[in-house]
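Comments concern the structure below.
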Amino acid sequence: MKKTGIIFFPAFDWSLGETHPEREERLLYTQEQIFEEGVMDLPQIKQYTPVIGDLFDVLRTQAIFPGPEEHSLEAHLVAVGCSLVLGKALMAREIDNGFALVRPPGHHSGTIVWGNRGFCTLNNEAILVNHLRANYGIKKVAIIDTDVHHGDGTQDIFYHDPNVLCISIHQDGRTLYPGTGFTDEKGGPNAWETILNIPLVPGVGDEGFLYTLENWVLPRVQEFKPDLIINSAGQDNHFTDPLASMNVSAQGYGRITELIRPDLAVLEGGYSIQGALPYVNLAILLALAGEDYSGVIEPQKIKRQVVGGEVFRSYLKNLKKQHDMTKPAWDYRKEKFLPQGNWVYREKSIFYDTEYFQEYRQEYIRECEHCGGTVLIITQNLQTYRRGVLIRIPFEACPACCQAGYDLLEFFKAKEKIVLMQNQLKNEVHFWKDSREVRSFESKN
Amino acid sequence: MGSIIGIDVGGTFTDAVLIAGTEIIKTGKIPTQSDDLLNTILNALDYLEVSKINSLEQITVSTTLVTNAILQKRLPPIELVLFPGSGMKLSSLNWPVAYRTISGELDYRGRIVAPVNQGEWQALAEDLIKDNSSPKVAIVSKFSHRNNSFEKDLAAFLKDRIPNISLALGSEWGQANFYRRSLTTYLNLACRDLAATFATQLQNALKARGCQAPVRVLKADGGVLPLTKVRPVESIYSGPAASVLGALALSNSEESYIVVDVGGTTTDIGLVLSGKPLMSSKGAQIASFLTNVRSLAVRSIPVGGDSSVLTENGKIVLADYRLGSAYCLGGTTPTPTDAMCYLGLINYGNYTRAEEALNSLLPENQQNAASRQKIAEQIIKLMTEKITQAIEQLLKEWRDEPAYKIWEVLNKPKTHKFQIQLSGGGAEGIVAALEEQLKARVIWTSLSPVSNAIGAALAKPTFSWTLNLDTYLKRYRIEETGEQGEWTGAKKPHREVENFLFDLARRQGESLGINMESLEKEPFDYFPLVEGYYTVGQIIRGSVHVPPGVIQTLAEGGK
Chain U
1 MKKTGIIFFP
11 AFDWSLGETH
21 PEREERLLYT
31 QEQIFEEGVM
41 DLPQIKQYTP
51 VIGDLFDVLR
61 TQAIFPGPEE
71 HSLEAHLVAV
81 GCSLVLGKAL
91 MAREIDNGFA
101 LVRPPGHHSG
111 TIVWGNRGFC
121 TLNNEAILVN
131 HLRANYGIKK
141 VAIIDTDVHH
151 GDGTQDIFYH
161 DPNVLCISIH
171 QDGRTLYPGT
181 GFTDEKGGPN
191 AWETILNIPL
201 VPGVGDEGFL
211 YTLENWVLPR
221 VQEFKPDLII
231 NSAGQDNHFT
241 DPLASMNVSA
251 QGYGRITELI
261 RPDLAVLEGG
271 YSIQGALPYV
281 NLAILLALAG
291 EDYSGVIEPQ
301 KIKRQVVGGE
311 VFRSYLKNLK
321 KQHDMTKPAW
331 DYRKEKFLPQ
341 GNWVYREKSI
351 FYDTEYFQEY
361 RQEYIRECEH
371 CGGTVLIITQ
381 NLQTYRRGVL
391 IRIPFEACPA
401 CCQAGYDLLE
411 FFKAKEKIVL
421 MQNQLKNEVH
431 FWKDSREVRS
441 FESKN
Chain E
1001 MGSIIGIDVG
1011 GTFTDAVLIA
1021 GTEIIKTGKI
1031 PTQSDDLLNT
1041 ILNALDYLEV
1051 SKINSLEQIT
1061 VSTTLVTNAI
1071 LQKRLPPIEL
1081 VLFPGSGMKL
1091 SSLNWPVAYR
1101 TISGELDYRG
1111 RIVAPVNQGE
1121 WQALAEDLIK
1131 DNSSPKVAIV
1141 SKFSHRNNSF
1151 EKDLAAFLKD
1161 RIPNISLALG
1171 SEWGQANFYR
1181 RSLTTYLNLA
1191 CRDLAATFAT
1201 QLQNALKARG
1211 CQAPVRVLKA
1221 DGGVLPLTKV
1231 RPVESIYSGP
1241 AASVLGALAL
1251 SNSEESYIVV
1261 DVGGTTTDIG
1271 LVLSGKPLMS
1281 SKGAQIASFL
1291 TNVRSLAVRS
1301 IPVGGDSSVL
1311 TENGKIVLAD
1321 YRLGSAYCLG
1331 GTTPTPTDAM
1341 CYLGLINYGN
1351 YTRAEEALNS
1361 LLPENQQNAA
1371 SRQKIAEQII
1381 KLMTEKITQA
1391 IEQLLKEWRD
1401 EPAYKIWEVL
1411 NKPKTHKFQI
1421 QLSGGGAEGI
1431 VAALEEQLKA
1441 RVIWTSLSPV
1451 SNAIGAALAK
1461 PTFSWTLNLD
1471 TYLKRYRIEE
1481 TGEQGEWTGA
1491 KKPHREVENF
1501 LFDLARRQGE
1511 SLGINMESLE
1521 KEPFDYFPLV
1531 EGYYTVGQII
1541 RGSVHVPPGV
1551 IQTLAEGGK
C-alpha cells in the first residue's frame, strides 16, 4: 500500500470559452466519480489543499514575455502551485507518490511564453522539476508524457538540459496537433538523446501502448537512472476522446501508471469529459495508491479499429530503427556578441493556436563538456513585433559557461528592452524591462 | 417573552439552565447516569422545577443517546443491501458491517448503465425472512443521490412481499460518497427505534409533570430540530456543538476565537471565524463508521479535570481515561483537579486530600511543599499541552480545507488573531496556564461553567438546502433531505433556479419551524453541458442556508 497524495483542483470557475474543451465542466464528472467512490476515504490517500504558485518559480523555468503582468495567469499559477505542493510533500516524505489532478494543463507551454498554446500557458511539470532541483538537490529527472499530443513545451524547455530525460509517446504529428514530436528531435548539443519521441499511428490500444512502454520507454528510463519520475498524465489516448484517435481504455491507463511508477503524475489533456475522464482518473488514482483497478469499467465500448499485434510491433521496430539512425548535425555560428567557445545555432517558429500568432526564435547554445551549457534565445512575437532575450545559465554550470552568461547579459542589457536572466546555478532570476530591473521576482525559498 | 431551558448531557455532569429573556434564572450541574439518560434529563428538569414554570416555550437537549448506543455497540442487526456497480472494489475500504450486493449500475449523472435483475430480488426477499419476519433493511446504490429509482423500486418490491419490513434508503442522504452514505443509512436505521422510544418516554414524562413545551434536539452541525423530526444519527456529537454554541452565546458576534470546553472526561475544541462556526469539510466519524453527517469542525480529546494522573518510570503522565471523580472531591485517584485545588486555582475540593493526592505521586522522601508545588504545576502544564496540540491540529484542518475554484484560492482567509473562549467545569483552574502556553487572551466568565447548556438553550434552528440540477436530464436533487424531482423549468435557467431553491427552502423551513429571515445564499455554480460543440443544458449547483447561531447573546465582560 502506497501513501498517495492527491490535489484535486478542477477550477470550476475557469474556462477558455463556454463550449471550449477546456471548460468548467471538464472535471465535474471526475469529481462526482471519485467522491462517490470514496477514494478520499482510502486510508493511504492524503488530500492536499491548492495554493497559488510563485512567479519566481515560473521565471526560473519559463520566460513570460513581454512580462507576467501582461498575461492572465491566475488559473495557471494555481495549477503550478498545486504541483509544487505535492512536490514538497514528496520531498518531505509525507507521501510515496502523488497525483496533481488539476486544470489548466501545461505541457504545450515552452521556454518562451508569449501567450496560450494548446490550452497551456505555464508548464506545471517543468516548473515543478526545476523547483525540486533548485531546492532539494534532485539531479536527474525523467518526464514521461502519456498525453496523446506531443509534449512539445516540455521538450522545448529541456531540449538543452542533459539531466532531464523527456519521453513523449503520442499520436503521430502528421495527424494531430501540435505537428511535432518526430524521432529525429533528440536534444541539443549538450543533451543529445535526452529527448525521446515515440509517435504512434492512430488506433493503437492498450496492448500496443503497453508494449511500447515495456520495450522502449522503460529500458531507456532505467538506463538514464533518474532520481525522480514525473508523468504528464494526459488522458486523451482514451478511445472516446473527441480530439484524437487512439484506443486506450481506463484500465489500460491504470496499467500504464503501474508500469511507469511515477513519483508524481500531473494531469494534462483529455477531453472526453464524460466517457473517459471519470474512469481514467479513477484508474490512475487507484493504481498510484496500490489498489485494485480491475473493477473500473467505462460504460462505452471501443468502436474504432484497434492497431495491434504484429502490425504494430513491426511499425515500432521500424520507428526505432529510424530513431537510432538519426545522428546530430550542428550549425555553428560566430556572432560578434557571442563570448568565447563554440556556439550551436538553431532557429524555429512556434505557432500559438489559442490566440493565432507566430513566434520567431533564434537559439544559441554554448557547446560544453562540463555542464548543460549556457543558452541564449532571441525571440520575437510576430503579431506585436515585440522582442525579448532570454539568457539561461544552467544548473551546475561550469565557470566558463557561467561567465559566458554574464557577458551576454552585459551586452543585451544595453541593447534590448526585455531581458530575462535565468541563473539556475545560483537560483536567481533577473528581469529587465525597458532597461530597468524588475525587482519583484526574488526567491522566497 | 417566555422561558427556555437548555440541557447538555456530558460524560460526567449534565448542565441545565433556565433562561427568561436575557436573564439566567437558574443553573445547575447534575451527575450524569450514563446508563439512564432519560432519568438524567428528568433529574435536570426537576432540578429546574419544570412543573412550576409557567410560560415555558421550549426545552433543548444535547444528548449522548445515539452516540453511546453506537460506541457501546448496542445496535440491532441491520441488513445492508448494496448496488455497487463497477468502479473501486468495495474491499478497498474498511466496512465495519456486513453487506450483500446485487446487480444494477448507475453513472455519475444518475443514468442507468446496467439494469437491475428482479430474479435476484425475489431470492433476496426469501432470504431476508428466513429467520426474521420483520427485518430491518438499508438499501443503497452507488450514485443514488443522483437517481433513487433502483432503491425505491427494490424497497417497493420488498415491502410488497414482507409487510413488516423496516426500510431505509441511501438516497435519503443526498451527499456524494457511496461508502459513507451506506454507513450513514445503516446507522440511522439502527438507531431509529431507540430514538423513537426515547422521544415517547421523554414526552410522556414531561406530560406527567404538566409540561407542554416542545422538545428540540441539538445536531452535530450546531442546529436544532424538533425531537420528532430529527434524524437520529444527526444528533451524534451534539455535545461539542453545544460547546461552540455556548461560546457564541457568551461572546460578541463578529469575533474569531477558539472554543475550549474542558469537561471532567473530555475537552472539546472548536473554531469560530468572525462569528461563524467552522464546519467540517468531511462528514463526522463515529467509532469505525465514516458518515455523511454534517458536523462542526471540532476535536474531542480525552483530557479533562478528572483524567487520572499516573507515574510511569518516574515521570508524570496524564491518562486518557477517568476513574471516578477527583481525589479532593472524594475520588480514588489523583487528577488535574487536585493540582488546581492544591495551587488554589479553584475554590472547591478538600485541600488536605489534594495534598494527599499529590504526595501519592511523589517518592516518600520528596513529599514536601516545594515538590508538590512543582508536580502540580507540571500536571497543569501536561493538560494545557495536550489542549494546545489539539488546537493546532484543528487550525491545520482549517488551513488545509480543500478548494475547487480559483476564487476560493485567491481569497483564502489570512490567519486570524484568535482569542480563547474557555468553558466547562474543569476549565477555571487552567485559565492562566493556557494564556501562558498559547500567548492569547483567554476569556472566562461566571457563566462559562454552564455555557454548553446556555448554548443548547439559545441555539437557532438551522437548515441547509444544497441543489444539484441537471436541466438536460430534467432532474433536481436536494442534498440534505435527499429529495429528488423533475425539473420543468428552462434548459439554461439562471435566476429562475435561484428562486426555485429559495421557494423550496422557505416552504420546508417554515414547516420545520425555522425562522427564515436569516436565509443566506452561497454563489451558484453554472456548468454549461456541452455535447459536440453545442450547449445542450446546464448542471447547476447552489445552496441556501440558515447558518448555525444563537437567538441572542449574553455577552458580559471577561475576567
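So the sequence lines, in the order shown, correspond to chains U and E. Numbering-wise, the first sequence is residues 1 to 445 according to this note's numbering. Numbering-wise, the second sequence is residues 1001 to 1559 according to this note's numbering. In this text, a Cβ means the ideal position worked out from N, Cα and C, and glycines have one as well. Since the structure is predicted, the reported quantities are computational estimates derived from the model, not experimental observations.
For the region 1443-1481 of chain E, the full-length beta strand (DSSP E) segments reaching 3 residues or more read 1463-1470 and 1475-1478 along the chain.
Secondary structure of Lys46/U (DSSP, three-state): strand. Listed along the chain, the chain U residues whose CB falls inside 7 Å of the CB of Gly1087/E are Glu37, Leu282, Gly295 and Val296.
Between Thr1032/E and Ser1325/E, the alpha-carbon positions lie close to 12 Å from each other. Ala1354/E carries a helical assignment under DSSP once its states are collapsed to helix, strand and coil. Distance from the CA of Asn124/U to the CA of Val248/U, rounded to the nearest whole angstrom, comes to 24 Å.
At a cut-off of 8 Å between beta carbons, Asp1470/E makes no contact with chain U. Collapsing the DSSP output to three states places Val307/U in a strand. By the C-beta density criterion, Met1088/E is buried, having at least 16 other C-beta atoms within 10 angstroms. Listed in chain order, the positions of the region 1380-1410 of chain E with a beta carbon within less than 7 Å of a beta carbon of chain U are Asp1400, Glu1401, Pro1402, Ala1403, Tyr1404, Lys1405, Ile1406, Trp1407, Val1409 and Leu1410. Straight through space, the alpha carbons of Pro189/U and Asn215/U are spaced by roughly 27 Å. Residue range Val164 to Gln171 is occupied by the beta strand (DSSP E) that includes Cys166/U. Residue contact with chain U for Pro1528/E: present (Cβ-Cβ distance below 8 Å to some residue of chain U). With the criterion set as a beta carbon lying under 7 Å from some beta carbon of chain U, the members of the region 1179-1203 of chain E are Tyr1179 and Arg1180, in sequence order. Residue contact with chain E for Arg23/U: present (Cβ-Cβ distance below 8 Å to some residue of chain E). From the beta-carbon of Val266/U, no residue of chain E is found nearer than 9 Å; the closest lies around 17 Å away. For Ser1238/E, the closest C-alpha among the options Leu1467/E, Ala1453/E and Thr1445/E is that of Ala1453/E.
Taken through DSSP and simplified to helix, strand or coil, Ala1168/E comes out as strand.
In this structure, DSSP gives His131/U a helical state, which the three-state scheme calls helix. Pairwise C-beta distances place the region 256-274 of chain U out of contact with the region 173-182 of chain U, as fewer than three of them are shorter than 8 Å.
The beta-carbon of Val1116/E is placed no less than 8 Å from the nearest beta-carbon of chain U.
For Lys433/U, the secondary structure class from DSSP, reduced to helix, strand or coil, is strand. Contacts with chain E at 8 Å (Cβ-Cβ) include Pro10/U. Counting C-beta pairs closer than 8 Å gives fewer than three between the region 1430-1443 of chain E and the region 1094-1111 of chain E, which falls short of the contact rule. A buried status is given to Phe1083/E, since no fewer than 16 other beta-carbon atoms sit within 10 Å of its beta-carbon.
Between Asn1164/E and chain U, the shortest Cβ-Cβ separation is not below 8 Å. Met91/U places its beta carbon less than 8 Å from that of Leu132/U. Counting every other CB atom within 10 Å of its CB across the protein chains shown gives Ala1190/E a total of 16 or more, marking it as buried. DSSP places Ala142/U in the strand class (E or B) of the three-state scheme. Counting only the Cα atoms, Ala1459/E lies some 29 Å from Thr1384/E. One thing to note: Cys371/U has its Cβ within 8 Å of the Cβ of Glu396/U. Looking at the DSSP output, Cys401/U shares a beta bridge with no other residue. Runs of the alpha helix (DSSP H) spanning 4 or more residues and lying entirely within the region 235-275 of chain U occur at 250-260, in chain order. Burial state of Leu1323/E is exposed, judged by a 10 Å Cβ sphere holding fewer than 16 other Cβ atoms. According to the DSSP assignment, Leu200/U belongs to the beta strand (DSSP E) that extends over Ile195 to Leu200. When Cβ pairs closer than 8 Å are counted between the two stretches, the region 1056-1066 of chain E is seen to touch the region 1207-1215 of chain E, the count reaching three or more.
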